[in-house]
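Novice:
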DNA sequence: GTCTATAGTAAGATAGAC
DNA sequence: GTCTATCTTACTATAGAC
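Written out as structure tokens, the structure reads:
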């Protein structure tokens, strides 16, 4: 998996050591939280001395911020660009659209690094402004907005029931959040997530049915 | 607000100092997480020396465990006892039942201490076995089970649409979780939560409507 | 059950040689 | 950009007097 981390000025990170530090930090923060994992733990994992870390990051906080900056970019990739929504509403039916969206999201969440950062997000949600902002605006709000636009266009085209598209967007999307939490919990325990896939399929079917679409 | 904390052997805690320690810990853990708040921070808040704390708790971990033990008991109070469900399904209609349930839950969540412990729960969810267990079994599973039973009985009585009651229970309950997260976020920021109440009302109305009940 | 005192470890971070 | 060495502070926890 080739990945492009970025620094706080949005420039790609080339240094292999800096990347190793980031990935060790992601691993440790996701298991013990930011304050539960020390700079010493991180550098031990990487195989450098503590003092060397400070050539790459000005302090411990900057590591976390860099992780969140990367994750914001990753979260952006989950949804299709706004310019495509017209095309999507034109060419796809409701169930195709929802299933495609889930596939996209699963691809995002099957990445081990993203998964770990999700866990860091939960841990830091109430404390760190970037975690809060990414969750609220980068994920929840953006997704609702995207769904709302597509649903509105589909309603126009008679592809689904006539109802407030924003309400539909919320009712479709919100149930997925506790499912994602459970998915992350199962993954962190190394357990099977088959049950989750079934849940998602049932939810899509239920929703489509409510919308006058028989899949 | 009179509250009964319990120790790890389930005995009520009488010592005022021990209670002060718990409440200071709840405050600090909810803001900084378990590993982000030190024993020193807690005792400073209480007004005792660090060494005195160890007369009340054998170590720092035991404080967190005691908090979770209390919360498990609090979570039990959110739902009506299983023996009442027959009566409920008999006497109430769907919307009454859901609204009553939300009032109950709001009463739980309007308690400042419970709110803070919810935040601790999120922070420790991936790390602490008790947090995991309370979330999964004490909250999510228990609520789904309760809803499923009541929905099944209401379907029997023709009070709502004939559908898999478990699916209905999930579709009703799951959307509430991200709403609870947002409620907790807003409260922790000292912001207004009116928007949340409106969300919940709209969700209940939407759900009832899907179930062939016009409220 | 509180205190003072202290042990022993671990934390984040810097100086300066190479 | 890595190292050794070090600083300073903070951490959990215990011993023992009152």
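Chains as they are written, first to last, in full-length UniProt numbering: chain A, 1 to 215; chain B, 1 to 215. Every residue gets a Cβ at the ideal spot worked out from N, C-alpha and C, and that includes glycine.
Name the chain B residues that come within less than 7 Å of residue 132 of chain A, Cβ to Cβ?
Specialist: 185
Novice: Does the segment 125 to 133 of chain B come close enough to the segment 179 to 186 of chain A to have 3 or more Cβ pairs within less than 8 Å?
Specialist: With a cut-off of 8 Å, the segment 179 to 186 of chain A and the segment 125 to 133 of chain B count as touching, because enough Cβ pairs lie within range.
Novice: Name the chain B residues that come within less than 7 Å of residue 140 of chain A, Cβ to Cβ?
Specialist: 178
Novice: Excluding the 5 residues preceding and the 5 following residue 170 of chain A in the sequence, name in chain order all residues of the same chain whose CB lies nearer than 8 Å to its CB.
Specialist: 144
Novice: Using a Cβ-Cβ cut-off of less than 7 Å, give me the residues of the segment 91 to 106 of chain A that come near chain B, in sequence order.
Specialist: none
Novice: By the 8 Å beta-carbon criterion, what residues does the segment 68 to 93 of chain A contribute toward chain B?
Specialist: none
Novice: Under 8 Å between C-beta atoms, does residue 64 of chain B make it to chain A?
Specialist: Chain A, which has no Cβ nearer than 8 Å to the Cβ of residue 64 of chain B, makes this no.
Novice: Spell out whether any CB of chain A is found under 8 Å from the CB atom of residue 223 of chain B.
Specialist: Any property of residue 223 of chain B remains undetermined from this structure, which presents chain B solely from 1 to 215.
Novice: For residue 161 of chain A, collect the residues of the same chain with a Cβ closer than 6 Å to its Cβ; drop the 5 residues on either side in sequence, then sort them by chain order.
Specialist: 211, 212
Novice: Could you confirm whether any beta carbon from chain B is found closer than 8 Å to the beta carbon of residue 126 of chain A?
Specialist: yes
Novice: Quick one: Cα of residue 93 of chain A to Cα of residue 177 of chain B, how far?
Specialist: 28 Å
Novice: I'd like the ranges of any beta strand (DSSP E) spanning at least 3 consecutive residues and lying wholly in the segment 72 to 134 of chain B.
Specialist: none
Novice: Comparing alpha-carbon positions, which option in A:21, A:77, A:20 lies nearest residue 104 of chain A?
Specialist: A:77
Novice: So if DSSP puts residue 6 of chain B in a beta bridge, which residue, or which two residues, is it bridged to?
Specialist: B:12
Novice: Identify whether residue 203 of chain B lies in helix, strand or coil by the three-state DSSP scheme.
Specialist: helix
Novice: For residue 190 of chain A and chain B, any beta-carbon pair shorter than 8 Å?
Specialist: For residue 190 of chain A, the answer is no, since every Cβ of chain B falls outside 8 Å of its Cβ.
Novice: Using only the alpha-carbon positions, how far apart do residue 142 of chain A and residue 148 of chain A sit?
Specialist: 10 Å
Novice: To the nearest angstrom, report how far apart residue 98 of chain A and residue 204 of chain A are at their CA atoms.
Specialist: The straight-line gap from Cα to Cα measures roughly 7 Å.
Novice: Among the candidates A:6, A:130, A:207, A:72, whose CA atom is the shortest distance from the CA of residue 56 of chain A?
Specialist: A:6
Novice: Measuring straight from C-alpha to C-alpha, what distance separates residue 49 of chain A and residue 38 of chain B?
Specialist: 26 Å
Novice: Quick check: the segment 38 to 47 of chain A against the segment 69 to 88 of chain A, are there 3 or more CB pairs under 8 Å?
Specialist: no
Novice: Just to make sure I have the definition right: I need the residues of chain B whose C-beta is within less than 7 Å of the C-beta of residue 5 of chain A. Which are they?
Specialist: Contact of residue 5 of chain A with chain B by beta-carbon distance below 7 Å is absent, the smallest such distance being about 23 Å.
Novice: Assuming residue 113 of chain A and residue 32 of chain A form a contact by the criterion Cβ under 8 Å, report the distance between their Cβ atoms to the nearest whole angstrom.
Specialist: About 17 Å; that fails the 8 Å criterion.
Novice: Taking the alpha-carbon of residue 194 of chain B as reference, which of B:17, B:47, B:180 has the nearest alpha-carbon?
Specialist: B:180
Novice: Could you check which residue in B:96, B:163, B:106, B:72 has the C-alpha nearest to that of residue 121 of chain B?
Specialist: B:72
Novice: Compile a chain-ordered list of the residues in the segment 189 to 209 of chain B whose CB is closer than 7 Å to at least one CB of chain A.
Specialist: 202, 206
Novice: On the CB-based measure, 16 or more other CB atoms within 10 Å of its CB, does residue 18 of chain A come out buried or exposed?
Specialist: buried
Novice: So, is residue 154 of chain A buried or exposed, given that buried needs 16 or more other C-beta atoms within 10 angstroms?
Specialist: buried
Novice: Thinking just about the alpha-carbon of each residue, which of A:134, A:59, A:100 is nearest to the one in residue 200 of chain A?
Specialist: A:100
Novice: Is it buried or exposed, residue 131 of chain B, if we count other Cβ atoms within 10 angstroms and call 16 or more buried?
Specialist: buried
Novice: Given that residue 171 of chain A touches chain B, what residues does it touch there, using C-beta distances under 7 Å?
Specialist: 175, 206
Novice: Are the C-beta of residue 35 of chain A and some C-beta of chain B separated by less than 8 Å?
Specialist: With 8 Å as the cut-off, residue 35 of chain A counts as an interface residue toward chain B.
Novice: In the DSSP assignment, find the unbroken alpha helix (DSSP H) run with residue 43 of chain A in it and report its ends.
Specialist: It spans 39 to 46 - the alpha helix (DSSP H) in which residue 43 of chain A sits, taken as one unbroken run.
Novice: Mind checking whether residue 157 of chain A and residue 206 of chain B have CB atoms under 8 Å apart?
Specialist: Taking 8 Å as the Cβ cut-off, residue 157 of chain A and residue 206 of chain B do not qualify as a contacting pair.
Novice: I'd like to know whether the C-beta atoms of residue 67 of chain B and residue 117 of chain B end up nearer to each other than 8 Å.
Specialist: yes
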